[in-house]
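Beneath this line is the structure, given in structure tokens, with notes to follow.
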Amino acid sequence: MTVIRTPTILITRPAQQAAALAGELQKRGFETFSEPMLEIRPVSHQLPKDVQADALIFTSARGAAHWQGIPPVLLQKPVYTVGEKTAAALKKKGFRNIAATAESATALEAVFKRESTQNTLPENMLHICGRDRAHHFDVKNTKITTFTVYSAVRAENFTKNLQSLLHNEKIACVLFYSVRTAENFIRLSKNYELTEKYGQITAICISTRTAQAIKDVQWGNILTAEKPDHAHMLHCIEQQFR
């Protein structure tokens with residue numbers, strides 16, 4: 006279909022993901038501006054020798070990307086993941102046993118609880134994750150140990166280019182792919198006294214929890230992806246602007 010107008014879409018994802026998303030949206034006829042609200046940095050890590058891991062948990066592909074020196078024996082362990090992209094990244098890393106893949110951390114916890122009641126959930130699980138986790142798993146009779154391999158450092162300012170675009174109401178849509186990204190965007194927006202400019206902007210959020218993080222600002226519209234994944238975020242954009 007023909008694009009009636011060419012909105013500028015603000016991408017707030019970390020730099021590497023923002024670049025890939027910008028290219029995808031530009032191919033679809035949209036203008037984009039990227040302003041990462043988080044910077045992903047590896048952190049020094051070494052798996053304790055006495056750690057017990059009957060199974061592994063990955064809630065994002067970043068865990069696989071930043072984990073260095075994976076013990077070969079762990080490549081054989083059952084792996085529970087959030088998202089098909091995470092599962093695909095793990096397979097490329099050499100993991101051979103994807104036990105379950107859920108669309109969100111909440112859905113994955115439901116899998117854990119179901120398997121726990123059936124006595125099929127491993128007793129000791131290792132969660133490979135970032136320093137600031139959006140979801141803390143709590144499953145009866147199962148010990149979940151966290152292993153931090155990266156951190157997400159929040160941006161401390163808006164660039165002057167973004168300030169100008171927002172002040173002059175040149176942004177039609179803002180994409181929020183995580184709660185922390187949304188929270189930091191709102192924090193900085195208030196610091197720069199820009200929130201009053203958002204009355205004509207559509208905010209598109211990957212989850213209801215992400216939408217909750219921006220609800221105290223007056224937006225033109227807040228849309229939430231039907232499912233918390235990239236494909237459904239794109240569907241929201243197409244539905245709004247095509």
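Add 5 to the 1-based position in the sequence shown for this note's numbering, that's all there is to it.
Heads up, the beta-carbon is just placed ideally off N, CA and C, and yes, glycines get one too.
Note that this is a predicted model, so its numbers are computed, not measured.
Start and end of the alpha helix (DSSP H) containing Phe257?
Residue 257 is absent from the structure shown; the chain starts at 6 and stops at 247.
How big is the Cα-Cα spacing for Glu243 and Lys54?
49 Å
Starting from the C-beta of Glu108, find all residues in its chain whose C-beta is less than 8 Å away, skip the five residues before and the five after it, and write them out in chain order.
Val87, Gly88, Lys232, Pro233, Asp234
Give me, in chain order, the residues of the same chain whose beta-carbon lies closer than 7 Å to that of Asn102; leave out the 5 immediate sequence neighbours on both sides.
Gln81, Lys82, Pro83, Val84
Residues sharing a beta bridge with Val56, DSSP:
In the DSSP output, where bridge partners are listed per residue, Val56 has none listed.
Name the two residues that bound the continuous alpha helix (DSSP H) containing Glu44.
Run containing Glu44: none in the alpha helix (DSSP H); it sits in the beta strand (DSSP E), 43-47.
Using only CA atoms, which one of His50, Ile176, Cys210, Leu167 lies nearest to Glu188?
Cys210
From Thr11 to Lys148, what distance separates their C-alpha atoms?
50 Å
How is Leu5 classed by DSSP in three states: helix, strand or coil?
In this structure the chain extends from 6 to 247, so residue 5 is not present and cannot be described.
With 16 other Cβ atoms within 10 Å as the buried cut-off, status of Ser183:
buried
Would you call the region 194-208 in contact with the region 42-50, where contact means no fewer than 3 C-beta pairs closer than 8 Å?
no
Which word fits Ala236, buried or exposed, when buried means at least 16 other C-beta atoms lie within 10 angstroms of its C-beta?
exposed
Measuring CB atoms only, is the region 61-71 touching the region 90-104, in the sense that at least three cross pairs come out at less than 8 Å?
yes
Would you kindly check if the distance between the Cβ of Arg185 and the Cβ of Asp221 is under 8 Å?
no
Alpha carbon to alpha carbon, what distance is there between Phe38 and Ile9?
Reliability fails at Ile9, whose pLDDT of 43 lies under 50, so the model's placement of it is uncertain and the value that follows must be treated cautiously. Distance between the alpha carbons of Ile9 and Phe38 is about 19 Å.
Could you pull the DSSP bridge partners for Glu201 from this structure?
In the DSSP output, where bridge partners are listed per residue, Glu201 has none listed.
Rounded to whole angstroms, how far is the Cβ of Val154 from the Cβ of Val78, which I believe are closer than 8 Å?
The Cβ separation is near 18 Å, so there is no contact.
Roughly how far, in whole angstroms, is the beta-carbon of Leu126 from the beta-carbon of Thr150, given that I think they are within contact range, below 8 Å?
Their Cβ separation, rounded to whole angstroms, is 15 Å, which puts Leu126 and Thr150 out of contact at 8 Å.
Do you know how far the Cα of Gln123 is from the Cα of Ile191?
43 Å
Going by C-alpha to C-alpha distance, which of Val116, Ala69, Gln73, Thr106 sits closest to Ala94?
Ala69
Around the Cβ of Met6, are there at least 16 other Cβ atoms within 10 angstroms (buried) or fewer (exposed)?
Only weak support is given to the placement of Met6: the predicted model assigns it a pLDDT of 37, under 50, and the value that follows is read from those uncertain coordinates. Exposed, because fewer than 16 other Cβ atoms sit within 10 Å of the Cβ of Met6.
Consult DSSP for Ile148 and reduce its assignment to one of helix, strand or coil.
Inspection of the sequence shows that residue 148 is occupied by Lys rather than by Ile. Looking at Lys148 - three-state DSSP - the assignment turns out to be strand.
Going by beta-carbon coordinates alone, are Leu193 and His172 separated by less than 8 Å?
no
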